[in-house]
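**Student:**
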Amino acid sequence: MQINTDVPDVIALVMMIVVVTFLIYVVIYIHDIPYEIAKKRNHPHRDAIHIAGWVSLFLLHVIWPFLWIWAYLYTPGEGWGMETIEIKNSPAQDKEIEELRARLSTLEMKLSEINERVDSPDSKETREVR
Numbered sequence: 041m042q043i044n045t046d047v048p049d050v051i052a053l054v055m056m057i058v059v060v061t062f063l064i065y066v067v068i069y070i071h072d073i074p075y076e077i078a079k080k081r082n083h084p085h086r087d088a089i090h091i092a093g094w095v096s097l098f099l100l101h102v103i104w105p106f107l108w109i110w111a112y113l114y115t116p117g118e119g120w121g122m123e124t125i126e127i128k129n130s131p132a133q134d135k136e137i138e139e140l141r142a143r144l145s146t147l148e149m150k151l152s153e154i155n156e157r158v159d160s161p162d163s164k165e166t167r168e169v170r
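Numbering follows our numbering, with no gaps: position 63 of the sequence shown is 103.
Listed below in structure tokens is the structure:
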């Protein structure tokens, strides 16, 4: 018995193997994107993101968008961005703030003096109203 192999059948088989191999490579490449982001950002959980990416392969990439978000939450230099950062003023700024506070208290005192004069019974404005 002789096996008859036609050239188109062999070409189709080779193309199918190439396409399936390419698709497998693309799926693996895509699942690794959050890990690459985490590695680039020096994320403290990059290994967990990598393992979760492999788990996502078996879950048909259902959790993959959450891994992407998880990888992007950590910013190099800032961390998670949820810490309270205390801003310290320079000595020149501290001096300027004190000068502005002194000016403000002076203006408040002058304003209260003006209000007292206007509200006093002897003021000209009060006499005209009566």
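C-beta atoms are modelled at their ideal positions from N, C-alpha and C, and glycine is treated no differently. Since this is a predicted model, take the numbers as computed values, not measurements.
1. Note the first and the last residue of the continuous alpha helix (DSSP H) segment covering R86.
2. In angstroms, rounded to a whole number, what distance separates the CA positions of R170 and R157?
3. Mind checking which residues open and close the alpha helix (DSSP H) that includes Y75?
4. Counting along the chain, where does the alpha helix (DSSP H) carrying D46 start and finish?
5. With W108 as the anchor, note down where its alpha helix (DSSP H) starts and where it stops.
6. Which residues in the same chain as N129 place their Cβ atom closer than 8 angstroms to its Cβ, once the five residues preceding and following it in sequence are excluded?
7. Could you check where the alpha helix (DSSP H) with E126 kicks off and where it finishes?
8. Please go through the same chain and pick out, in chain order, the residues whose beta-carbon is closer than 8 angstroms to the beta-carbon of D134, but skip the five residues on each side of it.
**Tutor:** Taking the coordinates as given:
1. Within the sequence shown, the letter at position 46 stands for residue 86. It spans 86-98 - the alpha helix (DSSP H) in which R86 sits, taken as one unbroken run.
2. Residue mapping note: residue 170 aligns to position 130 of the sequence shown, counting from 1. Residue mapping note: residue 157 aligns to position 117 of the sequence shown, counting from 1. Confidence is the limiting factor: at R170 the pLDDT is only 46, short of 50, which leaves the residue's position unreliable, though a coordinate-based value still follows. Taken atom to atom, the span from the alpha-carbon of R170 to that of R157 is near 16 angstroms.
3. For the purposes of this step, residue 75 is taken as residue 35 along the sequence shown, with counting starting at 1. First-last of the alpha helix (DSSP H) with Y75: 73-80.
4. Taking the sequence shown and counting its residues from 1, one reaches residue 46 at position 6. Premise fails: D46 is in no alpha helix (DSSP H) and is neither H nor E.
5. In the sequence shown, counting from the first residue as 1, residue 108 sits at position 68. Counting along the chain, W108 sits inside the alpha helix (DSSP H) bounded by residues 104-113.
6. Residue numbering aside, residue 129 sits at position 89 when the sequence shown is read from its first letter. If we look at N129 and ignore the five residues flanking it on each side, its Cβ neighbours are I137.
7. Looking up residue 126 in the sequence shown gives position 86. Judged by DSSP secondary structure, E126 falls outside any alpha helix (DSSP H); it is assigned neither H nor E.
8. One-based indexing of the sequence shown puts residue 134 at position 94. None.
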